[in-house]
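Undergrad: Numbering (the numbering used here), first residue to last: 9 to 325.
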Amino acid sequence: MLSERNFARQIDLTSLQLFVAVCELGSIGRAAEREFIAASAVSKRLSDLEATLGTQLLYRHARGVRLTPAGESLLHHARSMMFSLEKMQAELSEYADGVRGHVRMHASISAIVQFLPEDLGAFARAHPQVKIDLEEHLSAEVLRAVQEGAADIGICNGAGGTGELQTLPYRQDHLALVVPHQHPLADQAELPFEAALDFDLVGLHTNSSIHQAIHQAATQAGRPVRLRIHVTGLDAMCRMIDNGLGVGVMPLRAFELSRATGSLKAISLTDAWAQRQLLLAARDFSTLPVTARLLVDHLQAHSAHSCAPAAHAGAAA
């Protein structure tokens with residue numbers, strides 16, 4: 009049985025990197041080509057890795073390789089190590105370039121359009137030495153990125169659950185039905201979503217939280233959704249609605265910030281699901297890098313007036 013110190017000395021990072029490449033490509037030959045190394049050298053490193061660990065990691069066959077249960081476990085840990093190393097390299101390179109901090113954030117389109125420009129702008133002015141990498145993703149993808157370590161912080165709609173991640177309240181938004189001014193529903197101040205089911209809809213991506221909420225509401229009402237077209241952004245939705253292709257559901261604040269308010273009208277939805285809580289998510293807020301915790305504190309402070317009290321979810325409960 010290897011001691012912890014001997015184990016760390018005998019497991020080299022190059023072998024782990026090659027092991028991950030073989031797993032991702034399903035072939036020693038293809039991994040060798042990608043990593044610019046001889047296939048025989050890759051095979052030798054994998055055999056040495058198995059010998060060091062004392063267990064078989066791969067089933068080898070004529071068409072490639074398949075993971076053993078031990079290999080599945082190692083792949084999980086190896087990927088986690090690669091993420092950590094990439095994070096370390098990125099942060100240290102930022103210090104070398106004179107930047108004192110680096111935060112990776114993924115957020116939903118609703119958060120990015122409605123709130124983050126002002127909130128991140130204020131943070132950047134107060135902390136110009138901190139670099140923020142922000143990527144837009146669907147809420148489910150945001151949570152996955154945080155869970156897998158690809159992002160330090162995520163901001164998303166938590167209606168579908170957040171698993172074991174810790175969460176904090178960020179902002180609330182309210183969904184509205186967007187229609188042309190001449191539309192039969194345009195004289196309504198508010199209405200339930202079911203009233204929109206009589207008309208063609210312009211919808212967002214099928215995996216978006218708004219799309220899923222719309223279809224769940226239609227199912228509960230026993231009505232079909234007359235979805236005419238999918239779009240990937242809120243500006244595109246407004247343009248499609250303005251040109252007579254249907255009506256659509258989007259956050260009210262996002263509509264008010266758009267350039268389409270002159271030709272379109274937003275009608276507040278009365279459904280309970282239309283009132284949404286956007287959440288900050290992390291694997292563990294207490295173990296975030298100092299700069300990431302600084303950003304979380306900033307976002308909490310700037311959103312406190314618009315958030316209802318909420319407890320940690322998942323592992324924080």
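Backbone N, C-alpha and C fix where the C-beta goes; we use that ideal spot for every residue, glycine too.
Hey, quick one: how far does the beta strand (DSSP E) through Leu265 stretch, first residue to last?
TA: Per DSSP, Leu265 belongs to no beta strand (DSSP E); it is in the alpha helix (DSSP H), Leu260 to Leu265.
Undergrad: Taking contact to mean at least 3 C-beta pairs separated by less than 8 Å, is the segment 134-146 in contact with the segment 63-75?
TA: Too few Cβ pairs lie closer than 8 Å, so no.
Undergrad: Out of Ser88, His238, Gly62 and Arg179, point me to the one whose CA is closest to Ile120's CA.
TA: Among Ser88, His238, Gly62 and Arg179, the Cα nearest to that of Ile120 is on Arg179.
Undergrad: Would you be able to state if there are at least three C-beta pairs under 8 Å between the segment 250-264 and the segment 162-172?
TA: Taking 8 Å as the limit for Cβ pairs, the verdict is that the segment 250-264 does not touch the segment 162-172.
Undergrad: Quick one: complete alpha helix (DSSP H) runs, 4+ long, within the segment 111-144?
TA: The segment 111-144 contains these whole alpha helix (DSSP H) runs: 117-122 and 124-134.
Undergrad: When burial is assigned at 16 or more other CB atoms within 10 Å of the CB, is His85 buried or exposed?
TA: Result: exposed.
Undergrad: Beta strand (DSSP E) containing Gly72: first to last residue?
TA: Looking at the DSSP string, the run of the beta strand (DSSP E) that includes Gly72 is Gly72 to Leu75.
Undergrad: When the Cα atoms are used, what is the spatial distance from Ala325 to Gly37?
TA: Because Ala325 sits at a pLDDT of 29, beneath the cut-off of 50, its placement in the model cannot be relied upon, and the following sentence gives the value as read from the coordinates. Computed Cα separation, rounded: 47 Å.
Undergrad: How about Ala78 and Leu65: do their beta carbons lie closer than 8 Å?
TA: It is a contact, given that the beta carbons lie within the stated cut-off.
Undergrad: If I measure Cβ to Cβ from Trp281 and keep anything under 6 Å in the same chain, skipping five residues before and after, which residues do I get?
TA: Excluding positions up to five away in sequence, the list reads Ala221.
Undergrad: Compare the beta carbon distance of Ile275 and Gln196 with 8 Å and say whether it is the shorter of the two.
TA: Yes, Cβ-Cβ distance for Ile275 and Gln196 is below 8 Å.
Undergrad: In terms of DSSP beta bridges, what is Ile237 paired with?
TA: Ile237 pairs with Val210.
Undergrad: Hey, could you find the ends of the beta strand (DSSP E) His69 is sitting in?
TA: Element bounds for His69: Leu66 to His69.
Undergrad: As a quick exercise: from Asn215, Gly166, Val186 and Leu183, pick the residue whose alpha carbon is nearest that of Pro177.
TA: Among Asn215, Gly166, Val186 and Leu183, the Cα nearest to that of Pro177 is on Gly166.
Undergrad: Can you have a look at Leu358 and say buried or exposed, based on whether 16 or more other CB atoms are within 10 angstroms of its CB?
TA: In the structure displayed, the chain extends from 9 to 325; residue 358 sits before or after that span and is not available.
Undergrad: Asp20: buried (16+ other C-beta within 10 angstroms of its C-beta) or exposed?
TA: Exposed: under 16 other Cβ atoms inside 10 Å.
Undergrad: Check whether the Cβ atoms of Leu151 and Ala290 lie closer than 8 Å to each other.
TA: No, they are not a contact pair.
Undergrad: Taking C-beta to C-beta, are His223 and Val233 nearer than 8 Å?
TA: Yes, Cβ-Cβ distance for His223 and Val233 is below 8 Å.
Undergrad: On the premise that Pro188 lies in contact with Leu272, defined as a C-beta separation below 8 Å, what is that separation, rounded to the nearest angstrom?
TA: Their Cβ separation, rounded to whole angstroms, is 6 Å, which keeps Leu272 and Pro188 in contact under 8 Å.
Undergrad: For Pro259, count the other beta carbons within 10 Å of its own beta carbon; 16 or more makes it buried, fewer makes it exposed. Which is it?
TA: The residue in question, Pro259, is buried, as its Cβ has 16 or more Cβ neighbours within 10 Å.
Undergrad: Cβ atoms of Ala132 and Leu124: under 8 Å apart, would you say?
TA: Result no, Cβ atoms of Leu124 and Ala132 do not sit closer than 8 Å.
Undergrad: Taking its Cβ as the centre, do 16 or more other Cβ atoms sit within 10 Å of Gln228, making it buried, or is it exposed?
TA: Gln228 is exposed by the Cβ-count criterion.
Undergrad: How far does the beta strand (DSSP E) with Ile161 in it extend, from its first residue to its last?
TA: That run of the beta strand (DSSP E) goes Ile161 to Asn165.
Undergrad: Could you check where the alpha helix (DSSP H) with Thr278 kicks off and where it finishes?
TA: Neither: Thr278 is in no alpha helix (DSSP H) and is coded neither H nor E.
Undergrad: By Cβ distance below 8 Å, which residues in the same chain neighbour Ala159 in space, the five residues on each side in sequence not counted?
TA: So the list reads Arg112, Met113, His114, Glu143, Val150 and Ala153, once near-sequence residues are dropped.
Undergrad: Alpha carbon to alpha carbon, how far is Ala309 from Thr299? Give it in angstroms, no decimals.
TA: The alpha-carbon atoms of Thr299 and Ala309 are separated by roughly 15 Å.
Undergrad: Between which two residues does the alpha helix (DSSP H) carrying Thr227 extend?
TA: Note, Thr227: alpha helix (DSSP H), Ser217 to Ala229.
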